[in-house]
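Student:
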Amino acid sequence: MRSESSKAIVDVRGLSVKYASRDNFSVKNISFSIKKGEFVWLAGNSASGKSTLMNCLSGFIPHIIPAEVNGKIIFRGRDDMSPLQLSRHITMVHQDPETQFCTENVEDEIAFGLENRKLSGRKMDKRIQTTLEDLNCSELRHRKLHTLSGGEKQKVAIASMLALNPEVLILDEPTSNLDPKSMNDVLTAIENVSRKSEELTIILAEHRIGGLVDQLDRVLKLDNGKISKDILDFQSLNSDEKTKLSDYSYPDYQRKVKPAGKTILRLEKISMTLGGNKILKNISLQVKAGEIVAIMGRNGSGKTTLVKAISGLLEVQKGKVHISDMVMESSNKIPPYKVGEKIGFVFQNPNHQIFENTLKEEMLFGPKNFSKGIAKGKRKLQRMTSQENLDETTHPHTLSFGQKRRLNIYSSSLHDPDIMIIDEPFSGQDHQNALMIADIMDDYWKKGKTLLVVTHDIDFAKRFCTRAIVLKRGKTVYDGVPNKLKEVV
Amino acid sequence: MIKVNPVVKLFALVMGAVMVFLIHSMIMLLFFISILVTLKLIYKVKGRFGKSIIALVVAIFLAQIIFVPEGELIMEWWLIQLTRGSIEKGFIISGRFFSLITMSWLFVGTTEPRELSSGLSNVGVPYRFSFLLILAMRFVPIFQFELSNVQQAQKIRGLKVDNNIRGLIRSVRYTTMPLLYSAMSTVNTLASSMEGRGFGMYKKKAFLHPVEFTIWDAILTVFILIAGFELYYLSLLL
Amino acid sequence: MPESYHFSTKDLVTIALLSALGGGLSTYIGYLGNLINRMVGVPFGAGQFMAGLHVIWIVLAVGITRKKGVGTATGLLKGMVELFLGGTHGVVILVVSLVQGLLVDIVLFKDSTKESRNMVPYSIAGGISAASNVIIFQLFFFAGVPMILILMLSMLAFGSGMIFGGYISLQMMDSLEQGGLIHRTIKPKDERPAYIKYASIVVTVIFLIAFTVGGVYYFNNVYVSPGAEEINVTGNVNNEYTFVYDEFSENEVTISAELIGSVTYVPEQNYTGIPLSIILAHSEPLDNSSRVRVISTDGYSAIFNHQEITGNSVIISYHDRQYNVVADGFDGAYWVKDVYEIRVE
């Protein structure tokens, strides 16, 4: 706990924000102030207005991201600072490090802000060193950004902001795309920073806060653009109340029946080499109809390569893939659209699989190509538009992240493939959306279909899946019931 | 090996390109090409004369043979006259192309975008502009990765690209749109991240690894100038 | 603290990302071009059908940022990216891409034009920009290739530029706007009526047809025999007059000459015409004149010194209603075709 007498550093008064492309206000007349040195957890689901609020605090809205803004944000007695002026005091780490890096090396990236501020070479050198030390990752200094893991990238993104010695550090869901270990790494790094500097004000938006639970000063929860909870003294809560706030568990789907379908998918000694690296080594496995297989492992363990080989998106180099009575091997290539009749595939990034300009066209893209499932697509479309208050002509890119994901899953499964492969269905999703997505997958499974889900989420694997396969450096290190996962991962 | 200032190299590249077009003599061109190829071997610069480059060289050569007959007639069949002049000209023009490609490889193979960027700032190009090269190069591999993802996503959802114009346009449409969306939805975050770190705060910025203009670079610049004129006069004589 | 810049950080980021996208996709576009060549069954050329795809990014950058100079900046940066990626054109791509960007900037110069997203100026910008690559390549590497071929390829590239750089990039911008990713300060007048949209398509198509027909017409008629009935002899002379062949026919001579041009070669053969020296003498050049410029109807000209044309080596022949220079012993460049004026200087 920091001293009660600290003065307010940021003062938000009657803030409302509306984007031109949306009908409703994203932030609705909110007021609060944050004290110097406070560690604030900004909670709330994806559409709650957290990102909008943080972009306003940094001055990016409306100076860079156009929006209609009412009310005031007072920082150091002024409410008219540009992002460049604010950058001397407030820095913000965005959700996806990939979209905020502007150089190719770790060192250059951290130096970027220091160079703009015209620091001397010696000062820059020292700042880079101490910042990396604060985050426990000095060894990354001379690496290329593209060789880093997701967690390392996020740490570098934080370092590039922290090196500027801000008074306020804003973090927008820094762990939402990470595997559990990387997530812990990043959270620990943040914890370190917060411990080291009593002066630094931290505003952290996050769904899961893990070990930070004992470090937070305050919780500010947004719901639908309004403050629904503001707990000034987080540490006064008992542990039950704390856990309740960061609850992220799935209901138990009670998978007890051992599925006894016939074998629908069989891999025979699959090996894959990409860019000179052996990604998959001699993998054999069988999947029976009606199974729900969680495919797990750390970033770079070969999960994505495996599912892409199964679906014919990457040509099988060694070994065979049998899908029902179809055989794929290097001497017998089958075009992916043929495989696509039997396997539906949902990619991780929703933006890479939206092709059309209206919700209707997008929903029917696959069915039209396969000449199958058009009527079903129209029914799904009607249900989605009425439930979520959308229009057939709505542009898919104006949908929320969660809606895009659901649209992806619907549109990839309308032609009724036997197997659905879903790559990281929950990355970047809040809990509410994650539950909805899980339900959609459950509905599809209930039709007797087989699911392969690439995921980091052990809790999900245990409660939702019937089987888990863990990969490590291209090899299967676990294949069995999800309940015993904890010991393996 | 001495590290040459990237701006001097850029100057050499431009000079070289101009030179190549002033050379009208076979011998001079061969001499020039042999220098370039030697440099390429010394610096172990990557660059392969793949199919498309060879196709272009051949196309350039054939264009001269077919369309520009001049000088002594060697052979003639049907509409095509094979003349001494056109063969020589074909060699010279395709040799020019070959030199330009080799030169470009030499430049690219020994220069990092970030070096060129800070070198350009050094000679007065505002850093907000010269930095764009680094920024653009950083996103190229990302877009290439996204390109393959998008194409896979099309295929698995049943898009067949027929071998006709309509199929091509469909392919182009469904490929470029998702990528354009991806690029444009990055703009705000990236601009925020850059301005949030003071991009444009001052007219000039500091460099962690400044690129120096050394005395060697000055000497080299003068040498390039002299070599250029020399080469030109030699080519007039020969 | 910072003054306001002409290009905001956001503009610069847009330029960089679209250049990266265009540069990164250039291999893919090249592949599509080759695919078309194979479909048509020619080794090269038909790929120009995809030329418009290369300018799409430049047009998009200009249309999205609506600032002067964005086209040139995007063109240059995209060229640099392609150079660094080791494209098949080497450093030439810098020139090609820079010119493409510059042309888009010029055609869409007015900021209100950029914002209007009107089909006609955008199509023209895309078309001209795309076609310029053919011209530049011809200048550098395909000198001497018949103009008709260059014109055909340019037309193909122009059409492609109209479709991709004009129509498709406008559609892309509309889609981006609907998707909430780009914004306009001036909203289009509520829902452009459909007929305006169709009218723009019709205008584009008419433009395309007119261009093609115009090109064909030019080559079939205008180009072959523009036909000047007479030559004006002007300049530093006492007697400016109009030269008509028949009036000088008693001076007709026949010489034998060989045409050695950079483009064409004609072996030695006989030509009949009026010596340039006689035509000149009739004009009574002033003492201070030293040379004579022979100008063609298309603006091309060649300069002879008085001393060079004393004898019968340079004559003006008249053939197919066209006056041509026959210059024995002179380079092909002196053989001016379709002479329209002789100016003493």
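Chains as they are written, first to last, in this note's numbering: chain A, 1 to 489; chain B, 1001 to 1238; chain C, 2001 to 2345. We treat Cβ as the ideally placed atom computed from N, Cα and C, and that holds for glycine. Predicted model only: the values in this text are computed from it and were never measured.
Grouping DSSP H, G and I as helix and E and B as strand, with all else coil, what is Pro-1069(B)?
Tutor: Position 69 of the second sequence holds residue 1069(B). Correct three-state label for Pro-1069(B): coil.
Student: Measuring alpha carbon to alpha carbon, tell me which of Asn-1163(B), Val-1222(B), Ala-1136(B), Leu-1147(B) ends up nearest Ala-2073(C).
Tutor: Within the third sequence, the letter at position 73 stands for residue 2073(C). Ala-2073(C) has its Cα closest to that of Ala-1136(B), out of Asn-1163(B), Val-1222(B), Ala-1136(B), Leu-1147(B).
Student: How about Ser-1094(B) and Phe-1061(B): are their beta carbons less than 7 Å apart?
Tutor: Counting from 1 along the second sequence, the entry for residue 1094(B) is found at position 94. Counting from 1 along the second sequence, the entry for residue 1061(B) is found at position 61. Yes, the Cβ-Cβ distance between Ser-1094(B) and Phe-1061(B) is below 7 Å.
Student: Could you tell me the distance, in whole angstroms, from the CA atom of Asp-2328(C) to the CA atom of Ala-2302(C)?
Tutor: Locating residue 2328(C) in the third sequence gives position 328, where the first residue counts as 1. Locating residue 2302(C) in the third sequence gives position 302, where the first residue counts as 1. If I take the Cα positions, the gap works out to 14 Å.
Student: At least one CB of chain B closer than 7 Å to the CB of Glu-104(A): is that the case?
Tutor: Position 104 of the first sequence, counted from the first residue, corresponds to residue 104(A). Cβ-Cβ to chain B under 7 Å: yes for Glu-104(A).
Student: Confirm, please, whether the CB-CB distance from Ser-411(A) to Gly-373(A) is below 7 Å.
Tutor: To locate residue 373(A), count along the first sequence from 1; it is residue 373. To locate residue 411(A), count along the first sequence from 1; it is residue 411. For Gly-373(A) and Ser-411(A), no; Cβs fall outside 7 Å.
Student: If we ignore side chains and look at the alpha-carbon of each, how far apart do Ser-2296(C) and Leu-1013(B) end up?
Tutor: Residue mapping note: residue 2296(C) aligns to position 296 of the third sequence, counting from 1. Residue mapping note: residue 1013(B) aligns to position 13 of the second sequence, counting from 1. Roughly 38 Å between the two C-alpha positions.
Student: Would DSSP call Pro-2226(C) helix, strand or coil?
Tutor: If you number the third sequence from 1, residue 2226(C) lands on position 226. Model confidence at Pro-2226(C) stands at a pLDDT of 45, short of 50, so the residue's coordinates are unreliable; what they give is reported in the following sentence. In this structure, Pro-2226(C) counts as coil in the three-state DSSP scheme.
Student: Between Glu-2250(C), Ile-2255(C), Pro-2146(C), which has its C-alpha nearest Ile-2279(C)'s C-alpha?
Tutor: As a position in the third sequence, residue 2279(C) is number 279, starting the count at 1. That would be Glu-2250(C), whose Cα lies nearest to the Cα of Ile-2279(C).
Student: Examine chain C for any beta-carbon lying closer than 7 Å to the beta-carbon of Ser-386(A), and answer yes or no.
Tutor: Looking up residue 386(A) in the first sequence gives position 386. Not one chain C Cβ lies under 7 Å of Ser-386(A).
Student: So Gly-2069(C) packs on Leu-2098(C), CB below 8 Å; how close in whole Å?
Tutor: Along the third sequence, read from residue 1 onward, the residue named residue 2069(C) stands at position 69. Along the third sequence, read from residue 1 onward, the residue named residue 2098(C) stands at position 98. Not really, about 12 Å apart at Cβ, beyond 8 Å.
Student: Please determine if the stretch 157-166 of chain A and the stretch 126-140 of chain A are in contact, where contact requires at least 3 C-beta pairs separated by less than 8 Å.
Tutor: Yes, the stretch 157-166 of chain A is in contact with the stretch 126-140 of chain A.
Student: Here's a check: name, in chain order, each residue in its chain whose Cβ is nearer than 8 Å to the Cβ of Met-81(A), leaving out the five neighbours to either side.
Tutor: Residue mapping note: residue 81(A) aligns to position 81 of the first sequence, counting from 1. These residues qualify, in order along the chain: Gly-59, Phe-75.
Student: Along chain B, which residues have their Cβ under 8 Å away from the Cβ of Tyr-2005(C)?
Tutor: The sequence position of residue 2005(C) within the third sequence is 5, counting from 1. Arg-1128, Gly-1200, listed in chain order.
Student: Short check: CB of Asn-1188(B) to CB of Ile-279(A), under 7 Å?
Tutor: Indexing the second sequence from 1 puts residue 1188(B) at position 188. Indexing the first sequence from 1 puts residue 279(A) at position 279. No.
Student: Taking the Cβ atom as the reference point for each residue, do Val-2336(C) and Val-2294(C) lie within a distance shorter than 7 Å?
Tutor: By one-based count along the third sequence, residue 2336(C) stands at place 336. By one-based count along the third sequence, residue 2294(C) stands at place 294. Taking 7 Å as the Cβ cut-off, Val-2336(C) and Val-2294(C) qualify as a contacting pair.
Student: Helix, strand or coil: which one does DSSP assign to Pro-425(A)?
Tutor: As a first step, residue 425(A) is located in the first sequence; it is residue number 425 there, counting from the start. Here Pro-425(A) sits in coil by DSSP.
Student: What number of angstroms, rounded off, separates the C-alpha of Glu-1195(B) from the C-alpha of Ser-2019(C)?
Tutor: For the purposes of this step, residue 1195(B) is identified with residue 195 of the second sequence, where counting begins at 1. For the purposes of this step, residue 2019(C) is identified with residue 19 of the third sequence, where counting begins at 1. Their Cα atoms are separated by approximately 20 Å.
Student: Checking 7 Å against the spacing of the C-beta atoms, do Ile-203(A) and Leu-42(A) come in under that value?
Tutor: Mapped onto the first sequence, residue 203(A) falls at position 203. Mapped onto the first sequence, residue 42(A) falls at position 42. The answer is yes: Cβ separation under 7 Å.
Student: From Val-2120(C) to Leu-2060(C), what does the alpha carbon distance come to, in whole angstroms?
Tutor: Taking the third sequence and counting its residues from 1, the one referred to as residue 2120(C) is at position 120. Taking the third sequence and counting its residues from 1, the one referred to as residue 2060(C) is at position 60. C-alpha separation (whole angstroms): 15 Å.
Student: Measuring CB to CB, does Leu-140(A) end up less than 7 Å from Val-106(A)?
Tutor: Position 140 of the first sequence, counted from the start, is the residue given in the question as residue 140(A). Position 106 of the first sequence, counted from the start, is the residue given in the question as residue 106(A). Contact flag set, yes.
Student: Could you work out which residues of chain C lie near Thr-188(A), taking near to mean beta carbons separated by less than 9 Å?
Tutor: Numbered from 1 along the first sequence, position 188 holds the residue referred to as residue 188(A). Per Cβ cutoff of 9 Å: no residues; Thr-188(A) is ~32 Å from chain C at best.
Student: Have a look at Arg-473(A) and Leu-53(A) and give me their C-alpha separation to the nearest angstrom.
Tutor: Within the first sequence, the letter at position 473 stands for residue 473(A). Within the first sequence, the letter at position 53 stands for residue 53(A). Cα to Cα, Arg-473(A) sits roughly 41 Å from Leu-53(A).
Student: Could you compute how far the alpha carbon of Met-1(A) sits from the alpha carbon of Ile-2168(C)?
Tutor: For the purposes of this step, residue 1(A) is identified with residue 1 of the first sequence, where counting begins at 1. For the purposes of this step, residue 2168(C) is identified with residue 168 of the third sequence, where counting begins at 1. Because Met-1(A) sits at a pLDDT of 42, beneath the cut-off of 50, its placement in the model cannot be relied upon, and the following sentence gives the value as read from the coordinates. Spanning the two alpha carbons is a distance of roughly 59 Å.
Student: Going straight from the alpha carbon of Ile-323(A) to that of Leu-485(A), what length do you get?
Tutor: What you label residue 323(A) is simply residue 323 of the first sequence in a count that begins at 1. What you label residue 485(A) is simply residue 485 of the first sequence in a count that begins at 1. Approximately 27 Å between the Cα atoms of the pair.
Student: Going along chain B, which residues have a C-beta under 8 Å from Gln-491(A)?
Tutor: There is no way to answer for residue 491(A), as the model of chain A reaches only from 1 to 489.
Student: What does the alpha-carbon distance come out to for the pair Leu-1082(B) and Glu-341(A)?
Tutor: Working through the second sequence from its first residue, we reach residue 1082(B) at position 82. Working through the first sequence from its first residue, we reach residue 341(A) at position 341. Near 57 Å, if we compare the C-alpha coordinates of Glu-341(A) and Leu-1082(B).
Student: I'd like to know if Lys-2078(C) contacts chain A, where contact means its C-beta is closer than 7 Å to some C-beta of that chain.
Tutor: Reading the third sequence from its first residue, position 78 is the one you call residue 2078(C). No, its Cβ sits nowhere closer than 7 Å to a Cβ of chain A.
Student: List the residues of chain B whose Cβ lies closer than 8 Å to the Cβ of Ile-2135(C), in chain order.
Tutor: To locate residue 2135(C), count along the third sequence from 1; it is residue 135. None at all; the shortest Cβ gap to chain B is about 15 Å.
Student: Please identify the residue among Leu-1220(B), Phe-1207(B), Val-1222(B), Leu-1190(B) whose C-alpha is closest to the C-alpha of Glu-98(A).
Tutor: The residue you call residue 98(A) lines up with position 98 of the first sequence. Nearest C-alpha to Glu-98(A): Leu-1190(B).
Student: Applying a beta-carbon distance threshold of less than 8 Å, which residues of chain A neighbour Leu-1116(B)?
Tutor: Within the second sequence, numbered from 1, the residue matching residue 1116(B) stands at position 116. Those within 8 Å of Leu-1116(B) in chain A number zero; the least Cβ separation is about 13 Å.
Student: By DSSP, does Leu-148(A) sit in helix, in strand, or in coil?
Tutor: The residue labelled residue 148(A) in the question sits at position 148 within the first sequence. Note: Leu-148(A) maps to coil in three-state DSSP.
Student: Going along the chain, which residues of the stretch 2139-2157 of chain C sit with their C-beta nearer than 9 Å to a C-beta in chain B?
Tutor: Taking 9 Å as the Cβ-Cβ cut-off against chain B, the residues of the stretch 2139-2157 of chain C that qualify are Phe-2140, Phe-2141, Phe-2142, Ala-2143, Gly-2144, Val-2145, Pro-2146, Leu-2149.
Student: Quick one: Cα of Leu-1225(B) to Cα of Leu-1010(B), how far?
Tutor: Along the second sequence, read from residue 1 onward, the residue named residue 1225(B) stands at position 225. Along the second sequence, read from residue 1 onward, the residue named residue 1010(B) stands at position 10. Each residue's Cα considered, the two are about 13 Å apart.
Student: For Leu-114(A), report the span of its alpha helix (DSSP H) as first-last.
Tutor: Locating residue 114(A) in the first sequence gives position 114, where the first residue counts as 1. From DSSP, the alpha helix (DSSP H) with Leu-114(A) extends over 106-116.
Student: When DSSP builds the beta bridges, which residues end up paired with Gly-2235(C)?
Tutor: As a position in the third sequence, residue 2235(C) is number 235, starting the count at 1. Gly-2235(C) is bridged to Val-2344(C).
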